[in-house]
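S.K.: Take this structure first; my questions come after.
Numbering (the working numbering), first residue to last: 1 to 554.
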């Protein structure tokens, strides 16, 4: 694994991403800094992406052999030396004259890859030439991916796809969270204009000194003015009419590249992506630049990883500033982490060398974190290495009568901790949970049945001993947008999701009486005969023979 410059060289070299960022802010123009750093509206989500990592603590394991730390991972049969790659970001020549080529070469030097933005300031062909994408990667090293905005002009979209495939890009990363641009207030006050010598290299819609069509729409002062922009420039704007039924099938008809969807934030859409047979997804909120007020990506990662069940790769971005952040994301189920702004800070700091420095910092930090946590390989990192904060360590047990069967449920109990999560369970008078537990076990608000507190899980997280799960009432039926049901197992260690079903396959699974079997495309995680089961059809059976669904015994 080669490098033009090791980040450890030089007495005054930065040793943290924060130090690199501080240097970048001093070196970047005010306009470029604002563009890279800006978020939508009040920037609640863009800030939350960074802050949420602090609420999740590590549970290190000791006396494990960590003499040799292996940070590598595999995506699409390619070996990544680190589970960190470069996210797509526009206008990289604002940070360094080398722009996207510097970024690409740095990623290759560290044995990882980048996703090239369709709004790049270097042509996709020039980046491909620099990376020698036309040559066969016999060594199995990662190949670059190409990010795509699906514009209304299908011929223009098709032309970009064909160019990327011809140039040798491995995957097409379709951004799906941008039917319109987010309300970036600072950009509206001071619209970015590309300086002389810099232009969008893969499109003709924005030359030096120009303003993009999307930003013309963003800056429209009235609804009438916005309609006029759409009327005049609609073909160059992102197609806001795209649907699941059309978009993926059309892309499949245009290319043999792998298709990855970027902008997935819910379990429902993750399952839709699997049904559409895409090759991977990116859990992303666009760095908080689109819809403000959505959760941090780390907060939704558990529900998505539990729904996906490793059927396709999960890629993740959002707020990574240290490799302990990478470790936490890996523990919650991602396969690969992307860095966007952190890589841009490196580019502004020292071009290719600066990006390599950032990747070296993260590589060293990750190796150290893994060793201290007791994980010798990326595969050793599991959710059991994450834990609640001290405020929610105490637990209590609530007993309830349901359908004449006495069942015991574990619930969280802290007298003085106030929940900071809008979906935190409150199943007893003073029982509360914090954002940390909400990230690990996404829940619905608990209610009371027949004057007795009932705590039945709707969590989508696998809870590993010795933890217990936050619980809430089981609704009848419980389905998310009618897309799928969840089957749970109760044990002394907590609650475990056994399987996810589409509404159609749920009955099929019941009828087949499958045990540790493939039901509706979802594999059971445990033998169903060894624990109490809970289903979203309001059926509970306490025993070791199975469950009762809609008056059908199993």
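Glycine included, C-beta positions come from ideal geometry on N, C-alpha and C. Source: prediction; values computed, not measured.
(1) Helix, strand or coil: how does DSSP classify residue 52 here?
(2) Look at the Cβ atom of residue 347, then the Cβ atom of residue 355, and state whether they are nearer than 7 Å.
(3) Among 192, 21 and 284, whose alpha-carbon lies nearest the alpha-carbon of residue 269?
(4) Could you check if residue 67 is buried or exposed, using at least 16 other CB atoms within 10 Å of its CB as the buried criterion?
(5) Quick one: give me the first and last residue of the alpha helix (DSSP H) that residue 383 is part of.
(6) For my contact list, residue 331 and residue 382 are in at a C-beta cut-off of 8 Å; report their separation, rounded to the angstrom.
(7) Buried or exposed: where does residue 217 fall if 16 or more other Cβ atoms within 10 Å of its Cβ makes it buried?
(8) Note down, in chain order, each residue of its chain lying with its Cβ closer than 6 Å to the Cβ of residue 370, except the 5 sequence neighbours on either side.
(9) Would you call the CB atoms of residue 314 and residue 308 closer than 7 Å?
(10) Below 7 Å between beta carbons: does that hold for residue 202 and residue 128?
(11) Taking the straight line between their C-alpha atoms, what separation do you get for residue 378 and residue 28?
(12) Apart from the five residues on each side of it in sequence, which residues of its chain come closer than 7 Å, Cβ to Cβ, to residue 342?
(13) Report, in whole angstroms, the separation of the C-beta atoms of residue 576 and residue 43, which I expect to be a contact under 8 Å.
(14) I'd like to know whether the C-beta atoms of residue 338 and residue 87 end up nearer to each other than 7 Å.
(15) Are residue 325 and residue 53 close, meaning C-beta to C-beta below 7 Å?
(16) Here's the rule I'm using: 16 or more other beta-carbon atoms within 10 Å means buried, otherwise exposed. How should residue 162 be labelled?
(17) Could you pull the start and end residues of the beta strand (DSSP E) that residue 148 belongs to?
(18) Anyone know if the C-beta pair for residue 258 and residue 279 falls short of 7 Å?
(19) Relative to the C-alpha of residue 95, which residue among 33, 109, 272 and 239 is closest?
(20) In the structure shown, what three-state DSSP assignment does residue 29 receive?
(21) Where does the unbroken alpha helix (DSSP H) through residue 351 begin, and where does it stop?
(22) Quick check on DSSP: helix, strand or coil for residue 400?
(23) Residue range of the alpha helix (DSSP H) that residue 249 falls in?
(24) Can residue 352 and residue 102 be called in contact, C-beta distance under 7 Å?
(25) Quick one: what does DSSP say residue 157 is sitting in, helix, strand or coil?
(26) Can you give the Cα-Cα distance for residue 345 and residue 124, rounded to whole angstroms?
(27) Kindly indicate which residue of 247, 298 and 170 has the alpha-carbon position closest to the one of residue 55.
(28) Could you tell me the distance, in whole angstroms, from the CA atom of residue 195 to the CA atom of residue 60?
(29) Can you name, in chain order, every residue of its own chain whose Cβ lies under 7 Å from the Cβ of residue 272, other than the five neighbours on each side?
(30) State yes or no: is the C-beta of residue 151 within less than 7 Å of the C-beta of residue 255?
(31) Using the three-state DSSP reduction, which class does residue 18 fall into: helix, strand or coil?
(32) What's the gap between the Cα of residue 176 and the Cα of residue 71?
(33) Counting C-beta neighbours from all protein chains within 10 Å, is the total for residue 292 16 or more, i.e. buried, or is it exposed?
(34) In whole angstroms, what separates the C-alpha of residue 172 from that of residue 107?
(35) Excluding five sequence neighbours on each side, which residues of the same chain lie with their C-beta closer than 8 Å to the C-beta of residue 80?
M.R.: Considering the structure as presented:
(1) Residue 52: helix per DSSP, three-state reduction.
(2) Contact flag set, yes.
(3) The residue with the shortest Cα to Cα distance from residue 269 is 284.
(4) When all chains shown are included, residue 67 counts as exposed.
(5) In the DSSP annotation of this structure, residue 383 is not part of any alpha helix (DSSP H), being labelled neither H nor E.
(6) Correct: roughly 6 Å between the Cβ atoms.
(7) In this predicted model, residue 217 has a pLDDT of only 40, less than 50, meaning its place in the structure is not dependable enough to derive any value.
(8) Residues 69 of the same chain have their beta carbon placed closer than 6 Å to that of residue 370, with the five preceding and five following residues left out of the count.
(9) Contact flag set, yes.
(10) Contact flag unset, no.
(11) The alpha-carbon separation between residue 378 and residue 28 amounts to approximately 35 Å.
(12) The residues are 17, 320, 321 and 358.
(13) Here the chain comprises residues numbered 1 to 554, so residue 576 is not present and cannot be evaluated.
(14) One thing to note: residue 338 has its Cβ within 7 Å of the Cβ of residue 87.
(15) Annotated as proximal: residue 325 and residue 53, with beta-carbon spacing under 7 Å.
(16) Answer is exposed; the Cβ neighbour count stays below 16.
(17) Its beta strand (DSSP E) spans residues 145-148.
(18) Note that the C-beta distance between residue 258 and residue 279 is below 7 Å.
(19) If we check each option's Cα against that of residue 95, 33 comes out closest.
(20) Looking at residue 29 - three-state DSSP - the assignment turns out to be coil, as it is neither helix nor strand.
(21) Residue 351 -> alpha helix (DSSP H) spans 341-373.
(22) Residue placement at residue 400 is flagged as unreliable, the pLDDT there being 32, under the threshold of 50; the coordinate-derived value follows with that caveat. Of the three classes helix, strand and coil, the one that applies to residue 400 here is strand, per DSSP.
(23) Element bounds for residue 249: 244-254.
(24) A contact, by the Cβ cut-off of 7 Å.
(25) Helix at residue 157.
(26) Those two C-alpha atoms are separated by around 22 Å.
(27) Nearest to residue 55 by alpha-carbon distance, out of 247, 298 and 170, is 298.
(28) Roughly 49 Å between the two C-alpha positions.
(29) Only residues of its own chain outside the window of five on either side were considered, and among them 244 have a CB closer than 7 Å to the CB of residue 272, listed in chain order.
(30) Remark: C-beta atoms of residue 151 and residue 255 do not approach each other more closely than 7 Å.
(31) DSSP, read as helix, strand or coil, puts residue 18 in helix.
(32) Taking the straight line from one Cα to the other gives about 30 Å.
(33) Residue environment analysis places residue 292 among the buried positions, since at least 16 neighbouring C-beta atoms fall within 10 angstroms of its C-beta.
(34) So the alpha carbons of these two residues sit roughly 18 Å apart.
(35) Scanning its chain for C-beta atoms nearer than 8 Å, with the 5 sequence neighbours on each side dropped, one finds around residue 80 the residues 72, 73, 74, 111, 112, 113, 142 and 336, in chain order.
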